[in-house]
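Peer 1: Using our numbering, you'd call the opening residue of the sequence shown number 297 and step up by one each time. Using N, Cα and C, we set each Cβ at its ideal position, and we do this for glycine too.
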Amino acid sequence: MSQGIAWVLDLVVAIGPVWSTLIATAGIFLETSLFIGLVVPGDTIVVTAATAVQDPVHFVALLVAVIVGTLAGQSVGFALGRWWGPAIRGSRLGRRLGERTWDSAAGYIERRGGVAVFVSRFLPVLHAVMPVTVGMTTMPYRRFIAWATPAAVLWATAYVSAGTFAGVAFRDLLVRGLHYAGYVFAGLIVLFFIAVWLVKRRLARSEEAALAETGDGRMDGDVRDDEPV
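1. Considering only the beta carbon of each residue, do residue 375 and residue 325 sit closer than 8 angstroms?
2. Along the chain, where does the alpha helix (DSSP H) that runs through residue 325 open and close?
3. Grouping DSSP H, G and I as helix and E and B as strand, with all else coil, what is residue 350?
4. Comparing C-alpha positions only, which one of 480, 459, 460 sits nearest to residue 469?
5. Taking only the alpha-carbon atoms, compute the straight-line gap between residue 420 and residue 496 and give it to the nearest angstrom.
6. Go through its chain and collect everything with a Cβ distance to residue 354's Cβ below 7 angstroms, but skip five positions before and after it.
7. Please go through the same chain and pick out, in chain order, the residues whose beta-carbon is closer than 6 angstroms to the beta-carbon of residue 373, but skip the five residues on each side of it.
8. Leaving out the 5 sequence neighbours to the left and right, which residues in its chain are closer than 7 angstroms to residue 401 when beta-carbon positions are compared?
9. On a Cα-Cα basis, can you pick out the residue from 315, 448, 417 that is closest to residue 334?
10. Between which residues of its own chain and residue 336 is the CB-CB distance below 6 angstroms, once the five residues before and five after are set aside?
11. Pull up the CB-CB distance for residue 405 and residue 433, whole angstroms please, since I reckon it's below 8 angstroms.
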């Protein structure tokens with residue numbers, strides 16, 4: 297197992313820090329853009345790229361790149377929602393998502409405002425449709441990005457740190473000649489994703505009431521105005 301993991305990590309390292317960072321940035325940009333987050337595993341791409349980190353400069357560069365890529369993707373989704381929101385919702389792909397998903401996202405924004413933008417970054421499915429949905433409301437872009445930024449920073453820090461820690465730990469154990477290095481690496485990654493799943497589940501439960509009350513499902517309703525910009 298250790299040899300197989302070492303081969304994969306060496307391959308990621310061989311790509312080089314510049315290319316691995318660019319790939320991670322592109323991946324997370326696509327993951328946070330229009331519905332692409334439903335099919336592009338941005339979290340897996342970021343964690344994989346982070347396993348190649350071997351110095352603080354690369355860590356910071358990757359972290360900043362992932363944050364920028366996330367916010368850029370969400371901004372594109374917001375702009376598309378503002379310009380062509382109804383057409384996107386009525387498109388073939390939009391219909392495949394189901395009215396319930398759209399109504400849930402719209403109702404969530406109506407009741408929770410910017411908090412919905414922040415929390416949705418950590419919720420499955422909802423994070424992919426939220427930027428477009430927000431674009432179809434009256435929420436200003438600066439309020440949207442003000443709530444999206446701390447969520448992006450928190451998300452990126454967690455995933456980049458997890459991948460970096462697992463990669464560094466694996467190489468350290470491998471250098472020491474410990475045959476179970478691969479199992480430690482796999483265990484760390486599995487534990488991280490279990491923790492992520494538990495956090496997402498807890499968030500979903502804590503926001504269950506707001507998500508369940510879909511209201512009238514209108515996309516052009518007002519959002520909360522009693523929150524900071």
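Peer 2: Quick answer:
1. No, Cβ-Cβ distance for residue 375 and residue 325 is not below 8 angstroms.
2. Where residue 325 is concerned, the enclosing alpha helix (DSSP H) stretches over 313–327.
3. In the structure shown, the three-state DSSP call for residue 350 is coil.
4. It is 480.
5. The alpha-carbon atoms of residue 420 and residue 496 are separated by roughly 8 angstroms.
6. Once the five neighbours on either side are set aside, the close Cβ partners of residue 354 are 313.
7. Within the same chain, residue 373 has close Cβ partners 329, 330, 427, 428.
8. These residues qualify, in order along the chain: 422, 425, 426, 429.
9. The candidate whose alpha carbon is nearest that of residue 334 is 417.
10. For residue 336, same chain residues with a beta-carbon under 6 angstroms away, outside a window of 5 residues either side, are 326, 327 in chain order.
11. The pair is a contact, with the Cβ atoms about 6 angstroms apart (cut-off 8 angstroms).
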